[in-house]
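Participant: One structure coming up, written as structure tokens, with questions to follow.
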Amino acid sequence: MEQESIPGRPSFISAVSLDRHPMRLVGNKEREHYYIVLEYFVKQFEMTEYITSRLGQYQDMLLGKREKPVVADNEIDSFIRAIVNGRYQAVHKNNHFQPWKKKHRRQFCQRIYHCYLMCDFALILFDVATIHKAADSLKKYLTRRQVSQLDILLFALTDSKADIKSIPIVRVLFEQYHKNKEFLKKPEMRMIVTSNISVGKSTLINALIGKAIARTSQEVCTGNICYIYNKPFEDNQIQLKAPELMLNATKDELRNYEWDLAIEIGSYFRTCCKQKKRLCIIDTPGVNSTLNKNHGVITRNALKSERYDKFIHVLNAHKLGTDEEINHLRWVSENLPSDKAVFVVNKLDDFQCTDDNVAESLESVRIDLVNLGYKEPVICPLSAYAAFLTKLKYSGVQMTDEQNDDYQFFVKKFRKPVYDLSPFYDGVFVDEEKDSEYISMCKRTGLFGLEKILWC
Numbered sequence: 006m007e008q009e010s011i012p013g014r015p016s017f018i019s020a021v022s023l024d025r026h027p028m029r030l031v032g033n034k035e036r037e038h039y040y041i042v043l044e045y046f047v048k049q050f051e052m053t054e055y056i057t058s059r060l061g062q063y064q065d066m067l068l069g070k071r072e073k074p075v076v077a078d079n080e081i082d083s084f085i086r087a088i089v090n091g092r093y094q095a096v097h098k099n100n101h102f103q104p105w106k107k108k109h110r111r112q113f114c115q116r117i118y119h120c121y122l123m124c125d126f127a128l129i130l131f132d133v134a135t136i137h138k139a140a141d142s143l144k145k146y147l148t149r150r151q152v153s154q155l156d157i158l159l160f161a162l163t164d165s166k167a168d169i170k171s172i173p174i175v176r177v178l179f180e181q182y183h184k185n186k187e188f189l190k191k192p193e194m195r196m197i198v199t200s201n202i203s204v205g206k207s208t209l210i211n212a213l214i215g216k217a218i219a220r221t222s223q224e225v226c227t228g229n230i231c232y233i234y235n236k237p238f239e240d241n242q243i244q245l246k247a248p249e250l251m252l253n254a255t256k257d258e259l260r261n262y263e264w265d266l267a268i269e270i271g272s273y274f275r276t277c278c279k280q281k282k283r284l285c286i287i288d289t290p291g292v293n294s295t296l297n298k299n300h301g302v303i304t305r306n307a308l309k310s311e312r313y314d315k316f317i318h319v320l321n322a323h324k325l326g327t328d329e330e331i332n333h334l335r336w337v338s339e340n341l342p343s344d345k346a347v348f349v350v351n352k353l354d355d356f357q358c359t360d361d362n363v364a365e366s367l368e369s370v371r372i373d374l375v376n377l378g379y380k381e382p383v384i385c386p387l388s389a390y391a392a393f394l395t396k397l398k399y400s401g402v403q404m405t406d407e408q409n410d411d412y413q414f415f416v417k418k419f420r421k422p423v424y425d426l427s428p429f430y431d432g433v434f435v436d437e438e439k440d441s442e443y444i445s446m447c448k449r450t451g452l453f454g455l456e457k458i459l460w461c
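Following the numbering used here, the numbering of the sequence shown begins with 6 at its first residue and continues without gaps.
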């Protein structure tokens with residue numbers, strides 16, 4: 006795959022899932038030997054941080070907690086020939102991959118491991134020229150028929166419509182490669198997000214992504230720039246570079262990384278409005294931190310130096326017009342193109358229908374922004390927390406009892422017309438007959454309309 010000049014590096018934002026890898030169906034001995042052979046061919050090339058980490062993902066899948074067997078240099082040829090010739094006892098584990106269990110059992114028994122290796126080269130090395138070199142090294146051990154099969158797969162690297170019906174068991178792996186490849190051809194939409202502290206900026210970002218990625222509830226939770234990239238499909242892994250690369254960061258690792266340097270995170274975005282571009286959300290420190298005045302400097306430097314298509318500023322519906330916020334927004338209007346600005350008025354679920362009026366509050370915000378130099382400000386009302394819970398609910402994530410209770414409360418609340426935020430977005434309305442509860446809640450909380458403005 007061509008190494009495009011994009012932030013975050015193409016390999017970093019790739020997605021790879023090994024949940025349905027054919028080698029999950031074989032015994033431990035075959036897995037161990039397969040990993041040894043895979044590692045041998047991959048290590049013939051430069052072991053970048055990404056390739057090392059991706060190879061580690063395969064080691065976890067194939068070996069688990071078992072240690073890799075020590076193989077002498079003069080034994081590696083015998084391991085390769087044993088793998089490509091299928092010299093193993095026919096052992097098949099019970100599994101839930103029904104299409105493979107019956108339909109392709111005969112083919113699977115033929116042990117086409119050279120085809121699996123070809124697919125794994127593509128997913129690990131991620132570069133067409135390097136993949137071809139690895140294939141050439143492997144061909145030295147293959148029969149003419151096996152070389153012909155490998156050439157079919159090599160051709161399929163460059164043509165997603167290529168016919169690989171003769172080896173359908175590898176389709177799931179090659180589809181992943183092509184999803185990554187096609188994804189990288191899309192243009193990138195970059196959004197930079199700023200706010201005062203404690204107004205829900207991190208909750209907004211988590212709502213857009215559909216996962217608890219951005220830190221919340223602490224004043225110094227964002228201490229530097231964080232780049233969050235979406236991935237082409239859900240592989241149930243969050244990639245973190247802070248500064249070392251982790252392809253499957255845990256919740257603790259996401260919660261505890263240091264902020265000395267800029268951070269990069271890669272994850273699939275669970276969007277309610279289908280995006281047509283690759284997305285990058287640039288998270289910045291709070292501009293009014295009392296503990297670290299340098300946070301405001303970092304944010305302003307990012308606003309001046311970063312490339313972005315949208316500037317999103319999050320406002321607290323109950324604390325509009327603080328001195329720090331006015332100074333920040335005046336600086337933005339005087340120094341940056343105001344046509345990129347999108348203003349998100351958050352925490353509207355806290356409004357009391359007897360005391361507060363959403364329309365009046367939004368009009369007050371509009372007047373203030375016009376006075377600060379924004380001629381036609383784009384203002385988006387939102388309940389970020391309700392929107393975030395909605396995405397969690399419908400993504401199959403295990404929610405806490407408190408989150409479930411909060412979600413049910415929001416469902417009842419946003420059914421009331423006075424709290425429904427969808428009328429404030431052009432072209433967005435709730436279709437009671439056709440909309441699922443998920444789409445209905447995304448619209449009522451303002452998230453659907455916001456996503457439509459940002460990337461649809």
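The beta-carbon is built from N, C-alpha and C at its ideal position, and this holds for glycine as well.
Bear in mind the structure is a predicted one, so any value in this text is a computation, not a measurement.
Between which residues of its own chain and L377 is the CB-CB distance below 8 Å, once the five residues before and five after are set aside?
Facilitator: Excluding sequence neighbours, L377 sits near I331, L334, R335 and S338.
Participant: Just how far apart, CA to CA, sit D168 and S153?
Facilitator: The straight-line gap from Cα to Cα measures roughly 13 Å.
Participant: Name, in chain order, the residues that DSSP records as bridge partners for Y349.
Facilitator: A small correction: the amino acid at residue 349 is Val; Tyr does not occupy that position in the sequence shown. DSSP lists V319 and C385 as partners of V349.
Participant: Classify K246: buried if its beta carbon has 16 or more other beta carbons within 10 angstroms, exposed otherwise.
Facilitator: Result: buried.
Participant: With 16 other CB atoms within 10 Å as the buried threshold, where does L455 fall?
Facilitator: Its Cβ being crowded by 16 or more others within 10 Å, L455 is buried.
Participant: According to DSSP, what are the bridge partners of C246?
Facilitator: It should be pointed out that residue 246 corresponds to Lys in this sequence rather than to Cys. In the DSSP output, where bridge partners are listed per residue, K246 has L250 and E269.
Participant: For L43, collect the residues of the same chain with a Cβ closer than 7 Å to its Cβ; drop the 5 residues on either side in sequence, then sort them by chain order.
Facilitator: Excluding sequence neighbours, L43 sits near Y63, L122 and D125.
Participant: Output the distance between the C-alpha atoms of T395 and M446, rounded to the nearest integer angstrom.
Facilitator: Near 7 Å, if we compare the C-alpha coordinates of M446 and T395.
Participant: What residue from I303, E249, L159 and C277 has the CA that sits closest to A134's CA?
Facilitator: Minimum Cα distance to A134 is reached at L159.
Participant: Measure how close the beta-carbons of T291 and I197 come, nearest whole angstrom, since I'm counting them as under 8 Å.
Facilitator: One detail in the question is off: residue 291 reads as Gly in this sequence, not Thr. Not confirmed; about 14 Å, so no contact.
Participant: Could you have a look at Q413 and say whether DSSP puts it in helix, strand or coil?
Facilitator: Correct three-state label for Q413: helix.
Participant: Report back the beta-carbon spacing between N229 and L266 to the nearest angstrom; my notes put them in contact at under 8 Å.
Facilitator: The Cβ separation is near 7 Å, so the contact holds.
Participant: Can you check which of these residues, I233, P27, Y146 and Y424, is closest to F356 by C-alpha distance?
Facilitator: Residue Y424 is the option with its Cα nearest to F356.
Participant: Assign R59 to buried or exposed, taking buried as 16 or more other Cβ atoms, counted over all protein chains shown, within 10 Å of its Cβ.
Facilitator: Buried, since its Cβ has 16 or more Cβ neighbours within 10 Å.
Participant: Roughly how many angstroms separate the alpha carbons of K380 and I218, rounded to a whole number?
Facilitator: Straight-line Cα distance between these residues: approximately 34 Å.
Participant: At the level of alpha carbons, what is the spacing between D78 and L143?
Facilitator: Computed Cα separation, rounded: 17 Å.
Participant: If we ignore side chains and look at the alpha-carbon of each, how far apart do Q403 and N351 end up?
Facilitator: Those two C-alpha atoms are separated by around 25 Å.
Participant: Look up L459 in the DSSP assignment and say whether it is helix, strand or coil.
Facilitator: L459 falls in the helix class under three-state DSSP.
Participant: Can you have a look at G363 and say buried or exposed, based on whether 16 or more other CB atoms are within 10 angstroms of its CB?
Facilitator: It should be noted that the sequence gives Val, not Gly, for residue 363. It is buried - the Cβ of V363 has at least 16 other Cβ atoms within 10 Å.
Participant: According to DSSP, simplified to helix, strand and coil, what is M28?
Facilitator: M28: helix per DSSP, three-state reduction.
Participant: Would the beta-carbon of A140 fall within 8 Å of that of L155?
Facilitator: Yes. Within cutoff.
Participant: What does DSSP give as the partner residues of L234 in its beta bridges?
Facilitator: Reading off the sequence, residue 234 comes out as Tyr, not Leu. Partner(s): G271 and C285.
Participant: I need the straight-line Cα distance from R275 to R283, nearest angstrom please.
Facilitator: Each residue's Cα considered, the two are about 13 Å apart.
Participant: With DSSP as the reference, label R335 as helix, strand or coil.
Facilitator: In the structure shown, R335 sits in a helix (DSSP, three-state: H, G or I).
Participant: Tell me I197's beta-bridge partners as DSSP assigns them.
Facilitator: Looking at the DSSP assignment, I197 forms a beta bridge with I287 and F316.
Participant: Can you give, in chain order, each stretch of the alpha helix (DSSP H) that sits fully within the segment 24 to 78 and has at least 4 residues?
Facilitator: 33 to 47 and 54 to 68, all fully within the segment 24 to 78.
Participant: The alpha helix (DSSP H) with K144 in it runs from where to where?
Facilitator: Run containing K144: V133 to K144, per the alpha helix (DSSP H) assignment.
Participant: With DSSP as the reference, label Y262 as helix, strand or coil.
Facilitator: In the structure shown, Y262 sits in coil (DSSP, three-state: anything other than H, G, I, E or B).
Participant: To the nearest angstrom, how far is it from the Cα of G91 to the Cα of Y45?
Facilitator: Going by the C-alpha atoms only, they are around 18 Å apart.
Participant: Using a 10 Å radius around the Cβ and a threshold of 16 neighbouring Cβ atoms, would you call F453 buried or exposed?
Facilitator: F453 comes out buried.
Participant: With a Cβ-Cβ cutoff of 8 Å, do A236 and I18 count as a contact?
Facilitator: Correcting the residue identity first, residue 236 is Lys in this sequence and not Ala. Their beta carbons are under 8 Å apart, which means K236 touches I18 by this criterion.
Participant: Kindly confirm or deny that the segment 206 to 217 and the segment 183 to 193 touch, where touching means at least three C-beta pairs closer than 8 Å.
Facilitator: No, the segment 206 to 217 does not touch the segment 183 to 193.
Participant: Counting pairs of beta carbons, one from the segment 419 to 434 and one from the segment 309 to 319, are three or more of them closer than 8 Å?
Facilitator: At 8 Å Cβ cutoff, the stretches do not touch.
Participant: When the Cα atoms are used, what is the spatial distance from D164 to I243?
Facilitator: So the alpha carbons of these two residues sit roughly 29 Å apart.
Participant: What span of residues does the alpha helix (DSSP H) with T304 cover, start to end?
Facilitator: T304 -> alpha helix (DSSP H) spans N299 to S310.
Participant: Alpha carbons only, please: which of S366, P248, K281 and G205 is nearest the one belonging to T289?
Facilitator: Of S366, P248, K281 and G205, the residue nearest in Cα terms is G205.
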